[in-house]
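Sequential numbering of the sequence shown, starting at 39, is according to the working numbering. Reading through the structure tokens given below for one structure.
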Amino acid sequence: PRWYGESAVPWGEVLDRTAERYPGKEAILSGEPITYREFQELANGLARGLLHLGVRPGDTVALWLSPRPEALIAQFACYKLGVPLVPIDPARRDLGEVLSQSDATALFLTEALPGGPSPLETVYELLPELVEAPPGKLLSDRVPRLRHIVLCRGSRRYKGIFSLEELYTRGEGVGEEELEGIASLVGPEAVQHLVYTYGHPGAMLTQRASAAAGGLLADLLRLGPEDRVLLAFPPSHPLWLYPALAAVWAG
């Protein structure tokens with residue numbers, strides 16, 4: 039089957055291939071539709087923004103987001119760089135422990151999450167240094183490697199935190215060749231996810247394992263370009279991850 043033969047293809051490249059095959063097809067239907075070409079450009083632009091901040095393979099990026107387009111875009115931006123993701127359960131209250139254990143360098147968050155604590159309130163309580171730190175210059179003994187916090191969706195600016203728009207603007211100074219050079223180094227055994235949810239304290243998921251799982255699910259469901267997949271779970275849940283990967287795999 040195709041999923042077995044192509045399980046060594048990194049997910050950043052899977053998105054590139056799907057965007058080439060179906061550039062004008064709708065990829066994300068939430069608010070204003072986003073085509074696969076636009077999805078690819080948004081993910082690459084965010085990846086360049088992360089490169090501008092100094093995020094490189096070997097770093098880790100945490101996501102504390104609701105099920106919105108920004109979560110998918112940030113997810114695939116990290117896949118492009120070969121940077122492991124730490125998707126955080128909306129209901130978790132031990133944020134500091136997860137960020138510290140995972141050595142997270144950057145954290146993407148939103149103002150509010152349904153059914154969980156306020157991410158902003160939690161972050162400012164955990165990291166009081168953030169109020170005085172310029173964005174990207176956080177220094178905290180509690181989370182020693184964390185430098186960058188990015189607000190994906192908010193009503194105003196917050197001290198010590200980048201907006202998503204700022205990150206895209208900073209990424210404009212990073213060339214496509216630099217991004218593609220790093221993307222070309224992402225191998226099938228690169229760690230893609232560190233899972234701290236649902237009984238898995240820091241379990242590692244590789245690119246190859248997720249490619250096989252996403253491709254197999256697409257085959258089992260017989261997904262094709264005419265189908266649509268509803269993502270109703272938070273981005274930390276396996277029932278977000280695997281259906282999202284299957285959808286991109288199938289186009």
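Even for Gly, the Cβ is constructed at its ideal location relative to N, Cα and C.
Problem set entry | Own chain partners of Pro138 with C-beta closer than 6 Å, once the 5 adjacent residues on each side are dropped | Residue 138 is actually Ser in this sequence, not Pro. Answer for Ser138: Val181, listed in chain order.
Problem set entry | Where the alpha helix (DSSP H) containing Ile187 begins and where it ends | First-last for Ile187: 186 to 191, but that is the beta strand (DSSP E), not the alpha helix (DSSP H).
For this session: Kindly indicate which three-state DSSP category His90 falls into: helix, strand or coil?
Result: helix
Exercise. In terms of residues, what are the limits of the beta strand (DSSP E) holding Val136?
Worked result: That residue, Val136, is in no beta strand (DSSP E); its alpha helix (DSSP H) goes 133 to 139.
Problem set entry | Classification of Arg185 by the beta-carbon crowding that lies within 10 angstroms, buried from 16 upward | buried
For this session: Say whether the region 145 to 160 touches the region 122 to 137, bearing in mind that this needs 3 or more beta-carbon pairs closer than 8 Å, one atom from each stretch.
Result: yes
Exercise. Who are the Cβ neighbours of Ala228 in its own chain at under 6 Å, not counting the five residues just before and after it?
Worked result: Gly120, Gln245
Exercise. Shortest alpha-carbon distance to Val93 belongs to which of Ile220, Pro155, Glu51?
Worked result: Ile220
Exercise. Would you call Ser248 buried or exposed, if buried means 16 or more other Cβ atoms sit within 10 Å of its Cβ?
Worked result: buried
For this session: Mind checking which residues open and close the beta strand (DSSP E) that includes Ile66?
Result: 64 to 66
Exercise. Exposed or buried, Lys175, counting other C-beta atoms within 10 Å across all chains shown (16 or more means buried)?
Worked result: exposed
For this session: Look up Val47 in the DSSP assignment and say whether it is helix, strand or coil.
Result: coil
Exercise. Would the C-beta of Leu101 count as close to the ligand MN, meaning under 6 Å from any of its heavy atoms?
Worked result: With respect to the ligand MN, the structure shown offers nothing to examine, as it has no ligands at all.
Problem set entry | Endpoints, the beta strand (DSSP E) within which Phe300 is located | Because the chain in this structure spans residues 39 to 289, residue 300 falls outside the shown range and cannot be described.
Exercise. If you run the structure through DSSP and keep just helix, strand and coil, what is Ile220?
Worked result: helix
For this session: Measure the alpha-carbon distance for Arg183 versus Leu177 and round it to whole angstroms.
Result: 8 Å
Problem set entry | Close Cβ partners of Leu255 (< 6 Å) along its chain, the five nearest in sequence each way excluded | Tyr280, Ala284
Exercise. Going by alpha carbons, who is nearest to Pro173 out of Gly62, Tyr196, Asp179?
Worked result: Tyr196
Problem set entry | Sequence-distant residues of the same chain with beta carbon closer than 6 Å to Ser140, five excluded per side | Thr98, Val124, Leu232
Exercise. The beta strand (DSSP E) spanning Leu125 covers which residue range?
Worked result: Position check: residue 125 holds Pro in this sequence, whereas Leu was assumed. Element bounds for Pro125: 123 to 125.
Exercise. CA-CA distance, Asp265 and Gly96?
Worked result: 36 Å
Exercise. In chain order, what residues of the same chain have a beta carbon less than 8 Å from the beta carbon of Ala251, not counting five sequence neighbours either side?
Worked result: Tyr280, Leu283
For this session: Kindly give me the distance between the Cβ atoms of Tyr74 and Ala65, rounded to whole angstroms, as I take these residues to be in contact under 8 Å.
Result: 4 Å
Exercise. Any idea if Ser68 is buried or exposed, counting beta-carbon neighbours within 10 angstroms, 16 or more meaning buried?
Worked result: exposed
Exercise. Relative to the C-alpha of Arg191, which residue among Gly262, Ala109, Leu53, Gly154 is closest?
Worked result: Ala109
Exercise. What whole-angstrom Cβ distance do Gly289 and Thr56 have, given they're in contact under 8 Å?
Worked result: 5 Å
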